[in-house]
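Asks: Have a look at this one.
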Ligand code: GDP
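Numbering (the numbering used here), first residue to last: 11 to 608.
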């Protein structure tokens with residue numbers, strides 16, 4: 011039927027894989043394969059959202075559209091995506107509400123100057139102090155302007171962190187949209203506008219980089235006006251300030267604009283009211299346990315309070331302000347670091363105070379139970395099924411288990427890996443991605459599915475290391491995201507053409523030969539250069555001739571077994587399956603490393 015091709019298929023907001031296959035007139039297997047190609051592992055009975063359905067449909071050359079009854083459309087838009095904390099604020103008695111500092115999130119396209127602007131406002135250079143030059147952890151800070159406080163959510167500056175910034179918009183009262191005057195409106199600019207609109211947060215536009223000779227602020231205004239952000243100069247209601255974050259030009263004007271918008275936005279809270287707010291970031295720190303960055307949005311948070319956030323809870327052991335100073339309490343719009351959660355709460359989730367730990371435990375138990383039920387309701391594809399599908403298709407892929415240190419890094423790292431995969435001929439497939447150290451479970455999963463484990467700022471625990479060695483599972487850990495991505499890119503190339511490389515560790519000369527009951531003969535030798543390692547391999551050279559190539563049976567210094575012997579030192583060595591040493595033989599110690607493959 012020719013018509014069906016042109017008419018988009020109408021879909022509900024969520025749909026099972028089986029139903030979607032029917033609607034698109036494809037087999038479920040075809041659909042599942044395509045889903046996998048776009049990075050979604052879903053079983054036939056699993057429900058997927060419209061966004062995902064739209065992507066796979068496009069992959070399969072089909073057009074779809076969200077079926078929304080006309081009458082409901084407006085209602086839906088009106089209800090919007092009002093964040094929970096806003097709804098809770100509405101429940102506070104109006105008479106008790108007091109002005110609080112505005113909370114500002116800075117959004118915009120990558121490289122348009124968000125980080126530079128945040129740094130300029132903070133008067134410090136955050137980026138330079140981070141490993142690899144990336145601001146890896148979300149945080150928040152407060153500044154004073156005209157005797158008034160403004161809270162800035164300081165979200166990371168890497169390209170892949172866009173969605174994190176979007177989450178930041180949910181906790182914000184005002185969004186500063188940064189648009190580079192030499193580049194204009196870009197995809198993430200539009201994305202940011204959508205997020206701000208969805209959260210119904212007013213936008214102040216910062217037209218940045220006006221110091222550049224090729225800056226075209228007028229063009230930016232035109233482009234934004236086309237998107238519904240009409241500048242005040244043109245009779246609209248969007249304040250646009252031309253700035254240079256780099257030259258720190260017009261920053262005061264920008265801060266004034268923020269305060270002006272704040273004055274019209276009814277930014278209030280009840281300091282005596284119910285204590286709640288948004289989790290900005292959380293991570294485990296050595297010796298401190300879980301450290302969560304919280305934005306208090308109502309009430310006054312105090313040391314000793316018991317908080318629930320998602321499926322975790324904890325008693326506030328300590329509060330630190332953004333400078334790291336200990337404080338006893340924090341009122342509305344104050345960002346604080348809080349110590350005391352038992353587990354890492356999800357970034358972006360709502361936290362609130364409960365009566366006591368008993369109540370907290372009860373709430374958390376109920377939520378965990380509900381999560382479990384929800385997980386059972388949407389069955390995951392088993393690994394067995396996965397293999398079957400794999401054999402049916404001809405996908406070459408690198409399977410990965412990804413572990414990261416903080417919630418906020420999870421999504422960006424996963425996304426970045428997926429992007430690398432999209433650029434390469436071979437696919438990168440993330441089987442599992444989570445926050446926390448690499449555990450035995452991760453290794454078992456990797457072993458069962460022939461996957462490589464990637465750790466970002468995390469390490470394997472002792473049990474995991476043991477199992478990994480036993481099962482031959484490769485674990486790679488990184489501190490800098492660029493190195494991680496670089497390795498994966500290489501690995502993807504290596505999968506097409508795996509290559510092994512010999513790495514010479516060192517060389518020794520045989521000085522004496524002794525009888526040995528275990529090896530027949532052992533050699534006494536001295537390291538001429540480099541190092542001789544117990545787990546390396548040895549090649550025995552006599553002149554230019556290789557007389558033996560094999561494994562080390564024992565490596566000793568003064569009767570002691572040692573792991574390595576360094577340059578200049580003497581040692582005793584026995585080789586497996588070799589006893590024909592002669593004085594003057596050269597022993598080359600080397601290892602085999604796989605290059606371009608993880
Ligand atoms: P982000 O990705 O939005 O956080 O962008 P960055 O703050 O990292 O800035 C991207 C690049 O633009 C950096 O090289 C900055 O030095 C540069 N930049 C930022 N603001 C300005 C500005 O006002 N003028 C000029 N000339 N360069 C800027």
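From the three backbone atoms N, C-alpha and C, an ideal C-beta is built for every residue, glycine too. Note that the structure is predicted; figures quoted are calculated from it, not measured.
1. Skipping 5 residues on each side, what residues in its chain have a beta carbon closer than 7 Å to that of residue 342?
2. Can you give the Cα-Cα distance for residue 221 and residue 191, rounded to whole angstroms?
3. Thinking just about the alpha-carbon of each residue, which of 566, 270, 287 and 239 is nearest to the one in residue 537?
4. Pull up the distance between the alpha-carbon of residue 317 and that of residue 368, whole angstroms please.
5. If I follow the unbroken beta strand (DSSP E) through residue 225, where does it start and stop?
6. Grab me the residues of residue 261's own chain with a C-beta within less than 7 Å of its C-beta, minus the 5 sequence neighbours each way, in chain order.
7. Would you kindly work out how many angstroms separate the C-alpha atoms of residue 456 and residue 487, rounded to a whole number?
8. List the whole-angstrom C-beta distance separating residue 233 from residue 294, where the pair is believed to meet the contact cut-off of C-beta under 8 Å.
9. For residue 33, which of helix, strand or coil comes out of DSSP?
10. Taking the DSSP output, what are the residues bridged to residue 345?
11. With a Cβ-Cβ cutoff of 7 Å, do residue 600 and residue 512 count as a contact?
12. Less than 7 Å separating the beta-carbons of residue 340 and residue 311?
13. For the alpha helix (DSSP H) that contains residue 268, what are its first and last residues?
14. On the three-pair Cβ rule with 8 Å, is the stretch 438-458 touching the stretch 515-526?
15. So, are the CB atoms of residue 291 and residue 303 less than 7 Å apart?
16. Who are the Cβ neighbours of residue 477 in its own chain at under 6 Å, not counting the five residues just before and after it?
17. CB of residue 216 to nearest heavy atom of the ligand GDP: below 6 Å?
18. Buried or exposed: which applies to residue 560, given that a residue is buried once 16 or more other Cβ atoms fall within 10 Å of its Cβ?
19. Per DSSP, residue 351 forms a beta bridge with which residues?
20. Following a CB-centred definition, is residue 255 positioned closer than 6 Å to any heavy atom of the ligand GDP?
21. Among all the DSSP beta bridges, which residues are the ones paired with residue 250?
22. Near residue 24, what residues of its chain come up, given a Cβ to Cβ distance below 6 Å and the 5 sequence neighbours on each side ignored?
23. Does the Cβ of residue 556 have 16 or more other Cβ atoms within 10 Å, making it buried, or fewer, making it exposed?
24. Which first and last residues belong to the beta strand (DSSP E) in which residue 295 is found?
25. Per DSSP, what kind of secondary structure is residue 173 in: helix, strand or coil?
26. Can you say whether residue 119 is buried or exposed, counting buried as having 16 or more other CB atoms within 10 angstroms of its CB?
27. Would you kindly check if the distance between the Cβ of residue 209 and the Cβ of residue 251 is under 7 Å?
28. Taking residue 314 as the reference, which of 157, 255, 572 and 364 has the closest Cα?
29. Where residue 174 and residue 187 are concerned, what is the direct C-alpha to C-alpha distance, given to the nearest angstrom?
30. DSSP on residue 336, reduced to helix/strand/coil?
31. For the stretch 324-341 against the stretch 374-382, are there 3 or more C-beta pairs whose distance is under 8 Å?
32. By a C-beta neighbour count over all protein chains shown, 10 Å radius and 16 as the cutoff for buried, is residue 439 buried or exposed?
33. According to DSSP, residue 59 sits in a beta bridge with which residue or residues?
34. Say the cut is 6 Å; is the CB of residue 274 nearer than that to a heavy atom of the ligand GDP?
35. Any contact of the stretch 418-431 with the stretch 32-41, i.e. 3+ C-beta pairs under 8 Å?
Replies: Quick answer:
1. As a working mapping, residue 342 is identified with position 332 in the chain shown. Result list for residue 342: 110, 279, 281, 306, 307 and 308, in chain order.
2. Residue numbering aside, residue 221 sits at position 211 when the chain shown is read from its first letter. Residue numbering aside, residue 191 sits at position 181 when the chain shown is read from its first letter. The straight-line gap from Cα to Cα measures roughly 9 Å.
3. Taking the chain shown and counting its residues from 1, one reaches residue 537 at position 527. Minimum Cα distance to residue 537 is reached at 566.
4. In the chain shown, counting from the first residue as 1, residue 317 sits at position 307. In the chain shown, counting from the first residue as 1, residue 368 sits at position 358. When rounded, the distance between both Cα atoms is 11 Å.
5. Residue mapping note: residue 225 aligns to position 215 of the chain shown, counting from 1. In the DSSP assignment, residue 225 falls outside any beta strand (DSSP E), carrying neither H nor E.
6. On the chain shown, residue 261 is found 251 positions in, with the first residue counted as 1. Within the same chain, residue 261 has close Cβ partners 130, 131 and 253.
7. Translated into the one-based positions of the chain shown, residue 456 becomes position 446. Translated into the one-based positions of the chain shown, residue 487 becomes position 477. Straight-line Cα distance between these residues: approximately 15 Å.
8. On the chain shown, residue 233 is found 223 positions in, with the first residue counted as 1. On the chain shown, residue 294 is found 284 positions in, with the first residue counted as 1. Going by Cβ atoms, the distance from residue 233 to residue 294 rounds to 43 Å, so no, they are not a contact pair.
9. By 1-based counting over the chain shown, the position of residue 33 is 23. Looking at residue 33 - three-state DSSP - the assignment turns out to be helix.
10. Residue 345 sits at position 335 when you count from the first residue of the chain shown. Looking at the DSSP assignment, residue 345 forms a beta bridge with 305.
11. Numbered from 1 along the chain shown, position 590 holds the residue referred to as residue 600. Numbered from 1 along the chain shown, position 502 holds the residue referred to as residue 512. Yes.
12. Mapped onto the chain shown, residue 340 falls at position 330. Mapped onto the chain shown, residue 311 falls at position 301. The answer is yes: Cβ separation under 7 Å.
13. Within the chain shown, the letter at position 258 stands for residue 268. Its alpha helix (DSSP H) spans residues 261-274.
14. no
15. Numbered from 1 along the chain shown, position 281 holds the residue referred to as residue 291. Numbered from 1 along the chain shown, position 293 holds the residue referred to as residue 303. Taking 7 Å as the Cβ cut-off, residue 291 and residue 303 qualify as a contacting pair.
16. By one-based count along the chain shown, residue 477 stands at place 467. Excluding sequence neighbours, residue 477 sits near 450 and 453.
17. Stepping through the chain shown from its first residue, residue 216 is reached at position 206. No, the ligand GDP has no heavy atom inside 6 Å of this Cβ.
18. Counting from one through the chain shown, the residue named residue 560 turns up at place 550. So residue 560 counts as exposed.
19. As a position in the chain shown, residue 351 is number 341, starting the count at 1. Answer by DSSP bridge pairing, in chain order: 324.
20. To locate residue 255, count along the chain shown from 1; it is residue 245. Yes, the beta carbon of residue 255 sits closer than 6 Å to at least one heavy atom of the ligand GDP.
21. Your numbering for residue 250 matches position 240 in the chain shown. In the DSSP output, where bridge partners are listed per residue, residue 250 has 215.
22. To locate residue 24, count along the chain shown from 1; it is residue 14. Excluding positions up to five away in sequence, the list reads 57 and 59.
23. Residue 556 sits at position 546 when you count from the first residue of the chain shown. Flag for residue 556 reads exposed.
24. Start at 1 with the first residue of the chain shown, and residue 295 comes out as number 285. That run of the beta strand (DSSP E) goes 286-295.
25. Along the chain shown, read from residue 1 onward, the residue named residue 173 stands at position 163. Residue placement at residue 173 cannot be trusted, given a pLDDT of 42 that sits under 50; what the coordinates show is reported in the next sentence. Of the three classes helix, strand and coil, the one that applies to residue 173 here is helix, per DSSP.
26. Within the chain shown, the letter at position 109 stands for residue 119. The C-beta of residue 119 has 16 or more other C-beta atoms within 10 Å across all chains shown, which makes the residue buried.
27. On the chain shown, position 241 is the one that residue 251 refers to. On the chain shown, position 199 is the one that residue 209 refers to. No, the Cβ-Cβ distance between residue 251 and residue 209 is not below 7 Å.
28. Here residue 314 refers to the residue found at position 304 when the chain shown is read from its first residue. Nearest C-alpha to residue 314: 364.
29. Residue numbering aside, residue 174 sits at position 164 when the chain shown is read from its first letter. Residue numbering aside, residue 187 sits at position 177 when the chain shown is read from its first letter. Residue placement at residue 174 is flagged as unreliable, the pLDDT there being 44, under the threshold of 50; a coordinate-derived value is accordingly withheld.
30. Taking the first residue of the chain shown as position 1, residue 336 is located at position 326. Collapsing the DSSP output to three states places residue 336 in a strand.
31. Note that the stretch 324-341 does not touch the stretch 374-382; fewer than 3 beta-carbon pairs, one per stretch, sit closer than 8 Å.
32. For the purposes of this step, residue 439 is identified with residue 429 of the chain shown, where counting begins at 1. Flag for residue 439 reads buried.
33. The residue you call residue 59 lines up with position 49 of the chain shown. Note: residue 59 sits in a beta bridge opposite 24.
34. Taking the first residue of the chain shown as 1, we reach residue 274 at position 264. No, the Cβ of residue 274 stays beyond 6 Å of every heavy atom of the ligand GDP.
35. no
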